[in-house]
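All remarks here apply to the structure that follows.
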Amino acid sequence: MAVASISISETPLVLYTLRRADDALILGHRLSEWCGHAPMLEEDMALANMGLDLLGQARELYSYAARVEGNGNDEDKLAYLRDVRQYRNLLLVEQPNRDFAHTMVRQFFYAVFADLYWRAMMRSKDATLAAIAAKSEKESAYHVRHASEWILRLGDGTEESHVRAQDAIDGLWAFTGEMFDVDDGERALIDSAVAIDPAGLRPQWLKTVSAIVNEATLVLPKDGWMQQGGRSGRHSEHLGHLLSELQSMQRTFPGATW
Amino acid sequence: MVTATFDETKLRQRAWDVVAEVVDPEIPVLTIADLGVLRDVALSDGRVEVTITPTYSGCPAMNMITLEIELALEREGFRNSRVRTVLSPAWTTDWMSEDGRRKLREYGIAPPQRARSRRALFGVEQVACPQCGSANTEVLSEFGSTSCKALWRCKACREPFDYFKCH
């Protein structure tokens, strides 16, 4: 017997925190899908480790969102008992792993952004978000280095790895614009210095990403139309499948613990 | 009043000593005091309140450490203790004690370096082999058997070893 989804009072701060929590949880889950399948043991451990970092960040963010909301929800309910339309993560992070190049390019685009984002958020007027940022930026620095090294290896590696890396860049590029979008609720949080304006991070993001991509003998697509929707709950078909796996235990056996 | 304050100081010290002996379940040679995970032990209304901070956001050892703290206090007669986790200020490997660094090395794990190159995009860290002391080492993977460790190899003695990452 499946259990019903919870409802959330989405104040701007709750929604803002949930969006970041969802990014971390969904990307962390994607990385965990490689566990036992990565091309080599060291990489298997690296992907699982980064997935764990992201899961840790998600837990802190969900717990905070639940406290701010004050309706008796907690981190588990927010992760396990929201339906796909209630998830507010970036479309980028829900994209399937496909081949290793796709996983690494997705990781690279997100990690370079997250690293800049968390460093900037350490100055948030919200003490909890600033504390979560200070923890997360230490981890994201490792994630950027790891992904960057792989982009170089794949792009400037064999003909096959080059083609696959370029294919991944071309395929995922349209999902990068959403990282820098802001809606009205977030604008108010930015004005009160609780949040930072992600648009301000884009020049540095593009600089870092371009430098690595060029060195890897790959090319970035020209800026064009960017896909949106994740932040308002309109997702690609992939997220529903991911959630059905992630949530199956709690949906089937509500409240199960071990 | 003076006596009460004195007793309270002694009581707090006893609680600290008990808690400080709790070890990290993943690196059992290190206590949470060695690691810098233990931030504070306070008494309020006769209850012990322990403050700890996680090493890494996703460190699964934190639940275990919380439980171990509560059990250790319970064994020494401190009832209803409370363990609080704080994120700020964020934990850093610079808080690891000298004693902790020595114990790590003896255990076969290279201790974290103080002068950090964490922000360098491509690693330039020099880590001495905890087995033979050689500086002729190379990184195999920045992600090891736990969140806090990287996997290295010594090119002199050919032994792989764990390195406690700078954070």
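Chains A and X are the protein sequences, given in the same order. Counting with this note's numbering, you get residues 1 to 258 for the letters of the first sequence. Counting with this note's numbering, you get residues 1001 to 1167 for the letters of the second sequence. All C-beta atoms in this analysis are idealised placements derived from N, C-alpha and C, irrespective of residue type, glycine included.
Within-8 Å CB hit, residue i to chain X
{"i": "G56/A", "result": "yes"}
{"i": "D74/A", "result": "no"}
{"i": "M104/A", "result": "no"}
{"i": "L52/A", "result": "yes"}
{"i": "E215/A", "result": "no"}
{"i": "R20/A", "result": "no"}
{"i": "N89/A", "result": "no"}
{"i": "N97/A", "result": "no"}
{"i": "N71/A", "result": "no"}
{"i": "E160/A", "result": "no"}
{"i": "E178/A", "result": "no"}
{"i": "E60/A", "result": "yes"}
C-beta neighbour in chain A for residue i, strict 8 Å
{"i": "E1125/X", "result": "no"}
{"i": "D1081/X", "result": "Note on identity: in this sequence residue 1081/X is Ser, with Asp being the wrong assignment. So, not an interface residue."}
{"i": "E1180/X", "result": "Outside the displayed span of chain X (1001 to 1167) sits residue 1180/X, for which this structure offers no information."}
{"i": "G1144/X", "result": "yes"}
{"i": "E1140/X", "result": "According to the sequence provided, residue 1140/X is Leu. The question's Glu does not apply to it. Cβ-Cβ to chain A under 8 Å: yes for L1140/X."}
{"i": "S1147/X", "result": "yes"}
{"i": "L1073/X", "result": "no"}
{"i": "L1030/X", "result": "no"}
{"i": "L1011/X", "result": "no"}
Contact check, residue i vs residue j, beta carbons under 8 Å
{"i": "F1161/X", "j": "A1090/X", "result": "no"}
{"i": "S136/A", "j": "A111/A", "result": "no"}
{"i": "L1035/X", "j": "M1096/X", "result": "yes"}
{"i": "L25/A", "j": "L55/A", "result": "yes"}
{"i": "E94/A", "j": "L242/A", "result": "yes"}
{"i": "L15/A", "j": "R85/A", "result": "no"}
{"i": "E149/A", "j": "L1140/X", "result": "no"}
{"i": "M50/A", "j": "H162/A", "result": "no"}
{"i": "L61/A", "j": "T103/A", "result": "no"}
{"i": "L90/A", "j": "D23/A", "result": "yes"}
{"i": "V105/A", "j": "A165/A", "result": "yes"}
{"i": "T1093/X", "j": "P1112/X", "result": "yes"}
{"i": "I151/A", "j": "F108/A", "result": "yes"}
{"i": "T1031/X", "j": "A1020/X", "result": "yes"}
{"i": "Q228/A", "j": "E160/A", "result": "no"}
{"i": "A216/A", "j": "D156/A", "result": "yes"}
{"i": "E1142/X", "j": "H146/A", "result": "yes"}
{"i": "R234/A", "j": "D183/A", "result": "no"}
Contacting residues, own chain, Cβ-Cβ under 6 Å from residue i (five flanking each side not counted)
{"i": "D53/A", "result": "E139"}
{"i": "L81/A", "result": "S5 and I6"}
{"i": "L246/A", "result": "H29"}
{"i": "W173/A", "result": "P221"}
{"i": "R119/A", "result": "E137"}
{"i": "A1033/X", "result": "A1020"}
Beta-carbon proximity list for residue i, same chain, < 7 Å, skipping 5 on both sides
{"i": "T208/A", "result": "V112"}
{"i": "N71/A", "result": "S9"}
{"i": "L27/A", "result": "L54, V93 and Y110"}
{"i": "H238/A", "result": "E94, Q95 and P96"}
{"i": "L116/A", "result": "L201, Q204 and W205"}
{"i": "E1026/X", "result": "A1061 and T1146"}
Same chain, Cβ closer than 8 Å to residue i, five either side skipped, listed in chain order
{"i": "P12/A", "result": "G185, E186, A188 and L189"}
{"i": "R1082/X", "result": "R1047, V1048, E1049 and V1050"}
{"i": "P1054/X", "result": "V1037, M1062, T1085, L1087 and W1091"}
{"i": "S63/A", "result": "D74 and E75"}
{"i": "T1066/X", "result": "I1052, V1083 and T1085"}
{"i": "Q1131/X", "result": "G1108, C1154, C1157, E1159 and F1161"}
{"i": "E1070/X", "result": "S1081 and V1083"}
{"i": "G36/A", "result": "D44"}
{"i": "V213/A", "result": "I151, G155, I169, V219 and L220"}
Strand pairing of residue i, partner residues [DSSP]
{"i": "A1042/X", "result": "E1049/X"}
{"i": "K1149/X", "result": "F1164/X"}
{"i": "E43/A", "result": "In DSSP, E43/A forms no bridge with anything."}
{"i": "A1110/X", "result": "Y1163/X"}
{"i": "S1141/X", "result": "L1151/X"}
{"i": "T1031/X", "result": "V1023/X"}
{"i": "T1055/X", "result": "Its beta-bridge partners do not exist; DSSP assigns none."}
{"i": "V1083/X", "result": "V1050/X"}
Along the segment 1036–1067 of chain X, where does the CB come closer than 8 Å to a CB of chain A? Name the residues.
P1054, Y1056, S1057, G1058, C1059 and P1060
Compile a chain-ordered list of the residues in the segment 132–155 of chain A whose CB is closer than 8 Å to at least one CB of chain C.
No chain C appears in the structure shown, which is made up of the protein chains A and X.
Going along the segment 29–45 of chain A in order, which residues come within less than 8 Å of chain X, judged by CB to CB distance?
E42, E43 and M45
Within 7 Å of chain X by C-beta, residues of the segment 219–238 of chain A in sequence order:
none
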